[in-house]
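Residue numbers (our numbering), protein chains in the order written: chain A, 27 to 523; chain B, 12 to 389. Have a look at the structure below, then the notes.
Written as structure tokens, this is what we have:
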């Protein structure tokens, strides 16, 4: 619990009754939640170690209401924290004691599907999976598939630039969103992008996706939908160690194959998953790969053969190819159950999310074992092997005093290691509050200031989701200041022609 | 023209211009100099900032300096059986920096994404004369704001990139073109929509005015063979398809992808919802236009003899946006390159531009968007 949030503003807390009255005037009925017991379910998101009841919750139903809420809060200097389904694993939707929590859960409609142009227009509270469900009867789906897809909302996906196991081949949210309607903190409603590719002007949509709710509140999303592949097949491969599994992954890609999914699990994760779901994972291996290919049957058959050959070449000890859909799903069942499975062997676990250059995997796993010994906490690893996105699960017991803090320290050490080997702090979960204070490990002061200047262009009073992403809050006026470098006549030595 | 030798030179030039209120225009190979309005600005040539910094094919990541010729990069990655999936194109002098800054993408863009989707990270000098890093050198990253997206397609209005990290992907082993002949724009669009909406994994679809429809099927040989066979059946109600050999197909794709061959002094590029493309073509044809359709109808190149007809307005009525890509200087002085955005978006865009370039060092008269930069910087 080492991450501090900004101190609540006493002036805001003092006018809570007036804020409630104003919100009730904008969102009538049951759309404003104020009672302490009713606020409790909203006190946390997917990063449950951090809890803070919001000052109040507002659940608007129309874009006009969202705009009016933001305009009023902007005028009064009241902070706002937007929230989709609250599944963020980095604390992106953690409430603040002096902020309105703006829940977008009532925006649940699929507005339009255009199969000819392959786009769907949906409200932000529609779940990721519901988009696929809305279009699958016609043979389409929405490609990004974060593991929380039954619950997480597309608005939250936009905020976090969510990924999933298929994103090496199909991209993250940012590669699958064509447009949004966005309400700025001052209440202005803008449309960025639309139903066609590559709109004119600066790619504002590109920076809004993944901005973690700091730039605006999304009220409508236009996504691309894709034709569902004809078939999918998976192969389950066991290796004596992570080195050989990593070499196999590298060779698959070197031979020109981009699998739909390529997941690796280490020994602790394999054992936890197998004990939980009994899908027949080999227990005598050091690393397990699930490689899935999709497309026409002819392609899948060809690629599965190639992958089995490459696995064999890299010292695979077991290779099983899915013979039918049930077996393919069984291969995945263990991987998809890895988190709850680890939850069975440990009272609590803390899920990390760094990305590394894949060639660094053996080194990183070795260092992680050392860190595990140093911190006295176990770790299990699941890994989106194709794109280098690592999810170490740190095992701890929150009821043991000090263990949560140690788990956080261990996690921070892992993320520092990821950056040290040329990777990043987060591949898909977002910075939120969780990695906020580690941002200087990856970015210099000027890098962070440049990002914050973009924030200032959208929200100059820093009222939207403050305390997230950036370790240091700079006032926008201070960030805008230019340090003029006066000096000698410029560059007499430079070639001019 | 200023020719910085390295990133330090470049930083000093920009810092000095910011301090002294001069305007700079960033330039790669200069192949797109005739885009946008005539302007007066000191040219900063980035061609000396050239070369590959790091290329690790197995990691699918390539880091290069902006002045590196595009052709050199394409040859390098092709040597490893890889490609830039957004299918950039340009004249011989085109650089990777200019290509990304202009948001250039080829026919494959419809399925593989644009330059913005493949720019993973960068180092740049802002209009403040300060060096910053954004994004990263791995294929999957959500740490901090995605500033590379903003710089891709920004035409040098925000910052000067000194290093770009791009995602590369395996090149398909086999690329096949299926062609149909004699289709009307409407029939061609329907066939392309059917193909792109099928699970035959068509990677590009284009249609030329003289009635040639092109579908690209790429991948591993057994898969390409199966998908080509499937497409013939899927499209049997629309057209009959024949295999086109690659020597014949390549120039046709180039026509559809670049619009360069179109006859007419004034050229437009229209991005629009594909379903509206046939009607727009039908509206424009009586005006005597030449045209080519790419991205299954999502990109329409239009050329005509003069700037008389309001192509921009007609494109807007079709839900699209028309960008002026070819015209003489007086016309480019009169008609802004990009269509105007709604006031709220335009104001936001200006604030974002000033977040990188507060004094408007890069805000020349080339783009109407920057016309008021001087007043706003106060």
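We put the beta carbon where it would ideally sit given N, CA and C, even for glycine.
{"Asked": "Shorter than 8 Å from the beta carbon of residue 242 of chain B to some beta carbon of chain A?", "Found": "no"}
{"Asked": "Going by alpha carbons, who is nearest to residue 299 of chain B out of B:314, B:306, B:310?", "Found": "B:314"}
{"Asked": "Please work out which residues of its chain come closer than 8 Å, Cβ to Cβ, to residue 268 of chain B, disregarding the five sequence neighbours upstream and downstream, and give them in chain order.", "Found": "98, 100, 117, 118, 217, 305"}
{"Asked": "Residue 416 of chain A and residue 284 of chain A - do their beta-carbons sit closer together than 8 Å?", "Found": "no"}
{"Asked": "Using DSSP with H/G/I as helix, E/B as strand and the rest coil, what is residue 129 of chain A?", "Found": "strand"}
{"Asked": "Could you pull the start and end residues of the beta strand (DSSP E) that residue 29 of chain A belongs to?", "Found": "From DSSP, residue 29 of chain A is part of no beta strand (DSSP E); its letter is neither H nor E."}
{"Asked": "Just the C-alpha distance for residue 391 of chain A and residue 57 of chain A, rounded to the nearest angstrom, thanks.", "Found": "48 Å"}
{"Asked": "Taking 8 Å as the CB-CB cut-off, is residue 144 of chain B touching chain A?", "Found": "yes"}
{"Asked": "If the criterion is Cβ atoms closer than 8 Å, does the pair residue 367 of chain B and residue 472 of chain A meet it?", "Found": "no"}
{"Asked": "So the beta strand (DSSP E) residue 376 of chain A belongs to, where does it begin and stop?", "Found": "374-377"}
{"Asked": "Would you grab the beta carbon distance between residue 491 of chain A and residue 107 of chain A for me? Rounded to a whole angstrom, and I think it's under 8 Å.", "Found": "5 Å"}
{"Asked": "Return no unless some Cβ of chain B is closer than 8 Å to the Cβ of residue 566 of chain A.", "Found": "The displayed coordinates of chain A run from 27 to 523. Any statement about residue 566 of chain A would go beyond what the structure contains."}
{"Asked": "Tell me whether residue 99 of chain B sits in a helix, a strand or coil according to DSSP, three-state version.", "Found": "coil"}
{"Asked": "Along chain B, in chain order, which residues have C-beta atoms closer than 9 Å to that of residue 4 of chain A?", "Found": "Lying outside 27 to 523, the shown extent of chain A, residue 4 of chain A is not represented and no answer is given."}
{"Asked": "Using a beta-carbon distance cut-off of less than 8 Å, what residues from the segment 457-473 of chain A approach chain B?", "Found": "457, 461, 465, 468, 469, 470, 472, 473"}
{"Asked": "Report the neighbours of residue 235 of chain A on chain B: residues whose CB is nearer than 9 Å to its CB, in chain order.", "Found": "157, 160"}
{"Asked": "Rank A:450, A:456, A:55 by C-alpha distance to the C-alpha of residue 494 of chain A and give the top, closest one.", "Found": "A:456"}
{"Asked": "Measuring alpha carbon to alpha carbon, tell me which of A:301, A:229, A:115 ends up nearest residue 161 of chain B.", "Found": "A:229"}
{"Asked": "Between the beta-carbon of residue 192 of chain A and the beta-carbon of residue 321 of chain A, is there less than 8 Å?", "Found": "no"}
{"Asked": "Ordered along the chain, which non-local residues of its own chain (more than five positions away) have a Cβ less than 6 Å from that of residue 179 of chain B?", "Found": "71, 73, 88, 93"}
{"Asked": "Consult DSSP for residue 415 of chain A and reduce its assignment to one of helix, strand or coil.", "Found": "strand"}
{"Asked": "What first and last residue would you give for the alpha helix (DSSP H) that runs through residue 387 of chain A?", "Found": "387-401"}
{"Asked": "Taking the C-alpha atoms as reference points, what is the distance between residue 36 of chain B and residue 19 of chain B?", "Found": "17 Å"}
{"Asked": "Would you call the segment 337-349 of chain A and the segment 389-405 of chain A touching, i.e. three or more CB-CB distances under 8 Å?", "Found": "no"}
{"Asked": "Going straight from the alpha carbon of residue 124 of chain B to that of residue 34 of chain A, what length do you get?", "Found": "43 Å"}
{"Asked": "Note down, in chain order, every chain A residue with its Cβ under 7 Å from the Cβ of residue 306 of chain B.", "Found": "223"}
{"Asked": "Taking only runs that begin and end inside the segment 144-193 of chain A, name each unbroken beta strand (DSSP E) of 3 or more residues, in chain order.", "Found": "145-148"}
{"Asked": "If you measure from the beta carbon of residue 285 of chain B to each beta carbon in chain A, is any gap under 8 Å?", "Found": "yes"}
{"Asked": "Consider the Cβ of residue 22 of chain A: report whether some Cβ of chain B lies at a distance smaller than 8 Å.", "Found": "Since the displayed chain A opens at 27 and closes at 523, residue 22 of chain A lies outside it and no answer follows."}
{"Asked": "Where does residue 88 of chain A land, buried or exposed, given buried means 16+ other C-beta within 10 angstroms?", "Found": "exposed"}
{"Asked": "Please go through the same chain and pick out, in chain order, the residues whose beta-carbon is closer than 6 Å to the beta-carbon of residue 3 of chain B, but skip the five residues on each side of it.", "Found": "Residue 3 of chain B is absent from the model: chain B starts at 12 and stops at 389."}
{"Asked": "Give the list of continuous beta strand (DSSP E) stretches no shorter than 3 residues that lie fully inside the segment 115-157 of chain B.", "Found": "130-137, 142-146"}
{"Asked": "Please report the straight-line C-alpha distance between residue 190 of chain A and residue 410 of chain A, rounded to a whole angstrom.", "Found": "9 Å"}
{"Asked": "Could you name the residues that DSSP lists as bridge partners for residue 302 of chain B?", "Found": "B:313"}
{"Asked": "Give a single yes or no on whether residue 124 of chain B has its beta carbon closer than 7 Å to a heavy atom of the ligand SAH.", "Found": "Because no ligand of any kind appears in the structure shown, any question about the ligand SAH cannot be addressed here."}
{"Asked": "Quick one: using the 10 Å Cβ neighbour count with 16 as the cut-off for buried, is residue 73 of chain A buried or exposed?", "Found": "buried"}
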